[in-house]
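Read through the structure below, which is laid out as structure tokens, and then see the notes.
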Amino acid sequence: MKEDEVFDFANVEFTRDDLVIALNDMVKEYRKLSHSFEEAKAENVSLKSSSAESSSDEQEDADTLKTELSKLQAENEMLRNEISELKAEVAKSTVELSSWNKANITLQKIC
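For the sequence shown, UniProt numbering assigns the number 111 to the last residue and increments by one with no breaks.
And the structure:
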């Protein structure tokens with residue numbers, strides 16, 4: 001019997017052996033399909049698992065990056081404040097130095 005042939009169980013020309021052979025062929029085909037199905041199911045589970053792990057890893061990476069970004073932003077703000085303080089200190093020192101220079105010039109004129 002060819003693979004694409006349909007077995008006609010009502011045909012009286014077929015013998016019991018023909019029926020057994022057809023049934024055995026169906027069982028073999030069922031086993032192949034069942035095995036293929038189980039493999040596909042296992043692959044699907046594996047893909048879902050790896051996808052979930054990947055998603056979880058990506059979420060952890062995103063959380064880590066957000067935490068690092070927050071730390072860097074806080075550090076950046078501290079450095080900006082420090083720069084502002086240093087600029088104020090430089091301005092104050094410039095005024096003091098100018099006063100000292102004026103006092104020094106006045107002192108030199110007197111002496």
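Glycine included, C-beta positions come from ideal geometry on N, C-alpha and C.
CA-to-CA distance, residue j to residue i, given in whole angstroms
{"i": "E77", "j": "E68", "result": "14 Å"}
{"i": "K71", "j": "K109", "result": "56 Å"}
{"i": "S36", "j": "S54", "result": "26 Å"}
{"i": "W100", "j": "E75", "result": "37 Å"}
{"i": "A40", "j": "L47", "result": "10 Å"}
{"i": "A91", "j": "E85", "result": "10 Å"}
{"i": "Q59", "j": "S49", "result": "15 Å"}
Which of helix, strand or coil DSSP assigns to residue i
{"i": "residue 116", "result": "The requested residue 116 is not part of the displayed model; the chain covers only 1 to 111."}
Cβ of residue i within 7 Å of any chain D Cβ
{"i": "K87", "result": "No chain D appears in this structure, which consists of one protein chain only."}
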